[in-house]
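So the first sequence is numbered by the working numbering: it starts at 3 and just counts up by one.
Beta carbons: idealized from backbone N, C-alpha and C, even for Gly.
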Amino acid sequence: MTATSIDIIEDLQSRGLLSQMTSGEELKSVLGQGRTLYCGFDPTAESLHIGSLVPLLTLRRFQNAGHKPIALVGGATGLIGDPSFKASERQLNSTEIVEFWVQRLQSQVSQFLDFDAGDNAAVVVNNLDWVKSTNVLDFLRDVGKHFSVNAMIQKESVKQRLDREGAGISFTEFTYMILQSYDFAELYKRHNCILQIGGSDQWGNITGGIDLTRRMHRAQVYGLTTPLVTKADGQKFGKTETGTIWLDSKKTSPYAFYQFWLNAADADVYTFLRYFTFLSVSDIKEIEAADQASQAKPEAQGILAKEVTRLVHGDEGLSAAQRISAALFSGELGELSEADCEQLRLDGLPSTKVENLPKGIVDALVETGLAKSNKMAREFISNNAVSVNGQRVESDAQTLNIESALFGRYFVLKRGKKLFHLAYTN
RNA sequence: GGAGGGGUUCCCGAGUGGCUAAAGGGAUCAGACUGUAAAUCUGACGCGCGAGCUUCGGUGGUUCGAAUCCACCCCCCUCCA
3 MTATSIDIIE DLQSRGLLSQ MTSGEELKSV LGQGRTLYCG FDPTAESLHI
53 GSLVPLLTLR RFQNAGHKPI ALVGGATGLI GDPSFKASER QLNSTEIVEF
103 WVQRLQSQVS QFLDFDAGDN AAVVVNNLDW VKSTNVLDFL RDVGKHFSVN
153 AMIQKESVKQ RLDREGAGIS FTEFTYMILQ SYDFAELYKR HNCILQIGGS
203 DQWGNITGGI DLTRRMHRAQ VYGLTTPLVT KADGQKFGKT ETGTIWLDSK
253 KTSPYAFYQF WLNAADADVY TFLRYFTFLS VSDIKEIEAA DQASQAKPEA
303 QGILAKEVTR LVHGDEGLSA AQRISAALFS GELGELSEAD CEQLRLDGLP
353 STKVENLPKG IVDALVETGL AKSNKMAREF ISNNAVSVNG QRVESDAQTL
403 NIESALFGRY FVLKRGKKLF HLAYTN
């Protein structure tokens, strides 16, 4: 492998992406030439969400710097469940489901890495490949013997499960750390992988792997973690009213995804630009300075939304998201053409087919999911929070009917300031 | 196996026979103000237009009336063996 020109550690540091690392100076010099590193992603759902984006993009940053990234999808660890900083024991998922999720994650993860990069082309692996052939006795004798339970229960990541009244941890989840550690040792053996990265909640598991690799293979390997993303107001990052922001466009449309980033708080947006885009730190500083000088609405959110949406959903997803956003937020809905309406639907604006017009507005809100119950629908209406085709709904007796539809078949329903839904008939 | 503690509405957590759809906090949603921010204020937050109905791990029971009492069952935690 070729020597690298970029000091990746320096870059991560300047972006605020470096939470912890082992033997800093030594790791820095080790990374002076192209190395192999890995990051694990467990199948806990059919898609990753934006929480996984930081380590995923960090993997890519390493690749851009000339290193060889391995994305590990945890077909084995996903069957066990990582207890790290989890308040309570989790339900086990069936092997079929986990297997299905593994396939989904493998292709999802792949879109962020370069597999045609020659020496440092990316690799995707599944830890089930080496775990499934291990038998219990060998595992306990060869791997388990290297772990001290005394040390394991000291780990911060499981402490609350051990200390907290009312909590607990099964042997299954307690063993998770050993499995993940074994992955690192195995990847060292198979791919000469010398670095594991992950979110800072993975620190305990990563150091476990470093210890195990030293003991099993007498080799020095390293660990590095990225910070967990937090919001300035203390709220949980990555959730909205509509739920988790997923990377899969079927679960979170490019439009919703774009909107999520567009709504980033001023206090967070420059940090997010560093975390979630490949814009240089100096460019980001310029954006920040310009925003501060302008006194007007900052540009940063728009740039963030554009960059991240393009990264995850490509140019096509981005332009669809921008088209919808422009139509709904900047113009008069009345100016939409019939083709525009159809395009909104194709672009992924949530939409529902309604039948049996005229339909009461309360029913329509519930059917489209804009209100959870009739009661809520009425409350929204009485709060003046609902509009149809740009016209405020004044009474819950109002109906959707052909005469008021755009082009005889479209209704743009709006609840609150930002939530839109397209209802249509044939 | 023994002893004790516990399972309440999205989360935390009060509530030990009627005044309780169930305190309080958080989260969330809406409105006002704004920049599709933040902060702040106001309101909502089981279902029902309503009379009312359905909830407090499960199933039965006591009672005019139960989240609250009794029985059995399930799950969790702590200590002992």
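When the five nearest sequence neighbours on each side are left out, the beta carbons in the same chain lying within less than 7 Å of the beta carbon of residue 389 are those of 395, 416, in order along the chain. Taken through DSSP and simplified to helix, strand or coil, residue 411 comes out as coil. Residue state for residue 33 is assigned as coil, using DSSP reduced to three classes.
Within the same chain, and ignoring the five residues on either side of residue 25 in sequence, the residues whose Cβ sits closer than 7 Å to its Cβ are 224.
A distance below 6 Å between beta-carbons, with the five flanking residues on each side excluded, links residue 157 to the following residues of its chain, in chain order: 206. In the three-state DSSP reduction, residue 355 falls in the strand class (E or B). Taking the C-beta atoms as reference points, residue 85 is found nearer than 8 Å to residue 171. According to the DSSP assignment, residue 183 belongs to the alpha helix (DSSP H) that extends over 178 to 193.
For residue 39, the enclosing beta strand (DSSP E) starts and ends at 38 to 43. Of all C-beta pairs linking the stretch 103 to 121 to the stretch 144 to 151, fewer than three are shorter than 8 Å, placing the two stretches out of contact. For residue 72, no alpha helix (DSSP H) run applies; the uninterrupted beta strand (DSSP E) run containing it begins and ends at 70 to 75, by DSSP. Cβ neighbours of residue 60 within its own chain (closer than 8 Å, five residues either side excluded): 14, 19, 41, 199, 228.
DSSP places residue 159 in the helix class (H, G or I) of the three-state scheme. Short of 8 Å from the beta carbon of residue 17, and not among the five residues preceding or following it, lie these beta carbons of its own chain, in chain order: 276, 277, 283. In this structure residue 129 touches residue 185 by the C-beta definition: roughly 5 Å separates them, less than 8 Å. Judged by DSSP secondary structure, residue 228 falls within the beta strand (DSSP E) whose first and last residues are 224 to 228.
Setting aside the 5 residues that flank it on each side, residue 421 is surrounded in the same chain by 372, each with a C-beta closer than 7 Å to its C-beta; the list follows chain order. Judged by DSSP in its simplified three-state form, residue 104 adopts helix. Annotation: the continuous alpha helix (DSSP H) that includes residue 320 extends over 302 to 327. Using a Cβ-Cβ distance cut-off of 8 Å, the stretch 294 to 308 and the stretch 350 to 361 are not in contact, since fewer than three pairs of beta carbons, one from each stretch, lie closer than that value.
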